[in-house]
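*Asks:* Dumping the structure here so I can ask a few things about it.
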Amino acid sequence: LAKTTQPISMDSYEGQEVNITCSHNNIATNDYITWYQQFPSQGPRFIIQGYKTKVTNEVASLFIPADRKSSTLSLPRVSLSDTAVYYCLVGDGSSASKIIFGSGTRLSIRP
Amino acid sequence: DAGVIQSPRHEVTEMGQEVTLRCKPISGHDYLFWYRQTMMRGLELLIYFNNNVPIDDSGMPEDRFSAKMPNASFSTLKIQPSEPRDSAVYFCASTLKREGRSRETQYFGPGTRLLVL
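Top line first, the protein sequences correspond to chains A and B. Letter 39 of the first sequence, counting from 1, is numbered 39 in our numbering, and no numbers are missing. In short: position in the second sequence from 1, add 111, done, that's our numbering.
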């Protein structure tokens, strides 16, 4: 499974756009990139998943360059409620859906 | 759907006691996962099941840990005897693997916060 590297923590302010980058240099051809969000005292929650280029949903956007060795989760106009830990995961769906969570990025949003 | 249900939400016990954590996956999901989360080690996969059969238990820390899934709607994680270092939040998650689809997303329960004194 490809190893991922992301910043341990980030700070931002309400209304700003936040971009969290994840490195996955050893990503395999069949691997997808998935991001989860975890609030305190809750289990992780799926945010977005992509394979290449750009994916957007109602919560976030995911940018993946052509070489796929990194990806960037973009949260538009964050609010205090976006304070959470964000995990980047890489793997394929052909195996038995085993997921390995790294240390994640602790995002703190200030007023 | 009520989502993944875990019980109890909190458990405090003394070292040496048996602890049983319970999980009810989302109806229709065919994969079930047990995770443990601590500050030091983060979120670790302990074991997962497919169609009630344990597939990979390589994450189970030692023989004191055991997990069962007697049917599609129920699973248990048991620690016997418990030790203070087992204190953590234990999450259960489930997913439905569909043929031809990309990586499936997992749905996590609220977790059980275990404290072993």
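Using N, Cα and C, we set each Cβ at its ideal position, and we do this for glycine too.
Only counting the same chain, and skipping five residues up and downstream in sequence, which positions put a Cβ closer than 6 angstroms to that of residue 50 of chain A?
*Replies:* As a working mapping, residue 50 of chain A is identified with position 50 in the first sequence. 33, 62 and 64.
*Asks:* Closer than 8 angstroms, Cβ to any Cβ of chain B: which residues of the stretch 1 to 14 of chain A, in chain order?
*Replies:* none
*Asks:* Assuming residue 229 of chain B and residue 44 of chain A form a contact by the criterion Cβ under 8 angstroms, report the distance between their Cβ atoms to the nearest whole angstrom.
*Replies:* Since the first residue shown for chain B is 112 and the last is 228, residue 229 of chain B is missing from the structure and cannot be characterised.
*Asks:* Per DSSP, what are the beta-bridge partners of residue 3 of chain A in this structure?
*Replies:* Taking the first sequence and counting its residues from 1, one reaches residue 3 of chain A at position 3. The bridge partners DSSP lists for residue 3 of chain A come to none.
*Asks:* List the residues of chain B that residue 100 of chain A touches, going by C-beta distances under 8 angstroms, in chain order.
*Replies:* Translated into positions along the first sequence, residue 100 of chain A becomes position 100. Under the 8 angstroms cutoff, chain B gives 156.
*Asks:* Within the stretch 37 to 99 of chain A, note down every full beta strand (DSSP E) run reaching 3 residues or more, in order along the chain.
*Replies:* Here the runs fully enclosed are 45 to 50, 53 to 56, 61 to 64, 70 to 75 and 84 to 91.
*Asks:* Would you say residue 130 of chain B and residue 189 of chain B are within 9 angstroms of each other, going by their C-beta atoms?
*Replies:* One-based indexing of the second sequence puts residue 130 of chain B at position 19. One-based indexing of the second sequence puts residue 189 of chain B at position 78. Closer than 9 angstroms, so yes.
*Asks:* Between the C-alpha atoms of residue 96 of chain A and residue 17 of chain A, what's the straight-line distance to the nearest angstrom?
*Replies:* Locating residue 96 of chain A in the first sequence gives position 96, counting from the first residue. Locating residue 17 of chain A in the first sequence gives position 17, counting from the first residue. Any reading at residue 96 of chain A needs caution, since the residue's pLDDT is 48, under 50, leaving its predicted position unreliable; the model's value is listed next. Rounded to whole angstroms, the gap between the alpha carbons of residue 96 of chain A and residue 17 of chain A is 35 angstroms.
*Asks:* From this set, B/196, B/156 and B/134, which residue's C-alpha is nearest residue 163 of chain B's C-alpha?
*Replies:* Counted from its first residue, the second sequence places residue 163 of chain B at position 52. Of B/196, B/156 and B/134, the residue nearest in Cα terms is B/134.
*Asks:* Chain C beta carbons: is any one of them nearer than 9 angstroms to that of residue 139 of chain B?
*Replies:* Checking the listed chains, one finds no chain C in this structure; the protein chains it contains are A and B.
*Asks:* I'd like to confirm the pairing. Which residues does DSSP put opposite residue 161 of chain B in its beta bridges?
*Replies:* For the purposes of this step, residue 161 of chain B is taken as the residue at position 50 of the second sequence. Paired residue(s): B/142 and B/164.
*Asks:* Excluding the 5 residues flanking residue 22 of chain A on each side, which residues of the same chain have their C-beta closer than 6 angstroms to its C-beta?
*Replies:* In the first sequence, the residue the question calls residue 22 of chain A occupies position 22. Answer for residue 22 of chain A: 4, 6, 71 and 88, listed in chain order.
*Asks:* Please work out which residues of its chain come closer than 7 angstroms, Cβ to Cβ, to residue 140 of chain B, disregarding the five sequence neighbours upstream and downstream, and give them in chain order.
*Replies:* Translated into the one-based positions of the second sequence, residue 140 of chain B becomes position 29. Closer than 7 angstroms at the Cβ level, and outside the excluded window around residue 140 of chain B, lie 205, 206 and 207.
*Asks:* Chain A partners of residue 221 of chain B, CB-CB under 9 angstroms?
*Replies:* Locating residue 221 of chain B in the second sequence gives position 110, where the first residue counts as 1. Close to residue 221 of chain B, with beta-carbon spacing below 9 angstroms, are these residues of chain A in chain order: 41, 42 and 43.
*Asks:* In terms of alpha-carbon separation, which member of A/27, A/46, A/110 and A/107 lies closest to residue 35 of chain A?
*Replies:* Stepping through the first sequence from its first residue, residue 35 of chain A is reached at position 35. Among A/27, A/46, A/110 and A/107, the Cα nearest to that of residue 35 of chain A is on A/46.
*Asks:* Closest to residue 128 of chain B by C-alpha separation, out of B/158, B/118, B/195 and B/145, would be which residue?
*Replies:* Numbered from 1 along the second sequence, position 17 holds the residue referred to as residue 128 of chain B. Out of B/158, B/118, B/195 and B/145, B/195 has the C-alpha closest to the C-alpha of residue 128 of chain B.
*Asks:* What does residue 16 of chain A reach in chain B if we use C-beta pairs closer than 9 angstroms?
*Replies:* Position 16 of the first sequence holds residue 16 of chain A. Correct list: empty, because the minimum Cβ distance to chain B is about 27 angstroms.
*Asks:* For residue 123 of chain B, which residues from the same chain have a beta carbon less than 6 angstroms from its beta carbon, with the 5 sequence-adjacent residues on both sides left out?
*Replies:* Your numbering for residue 123 of chain B matches position 12 in the second sequence. Taken in chain order, the residues that qualify are 226.
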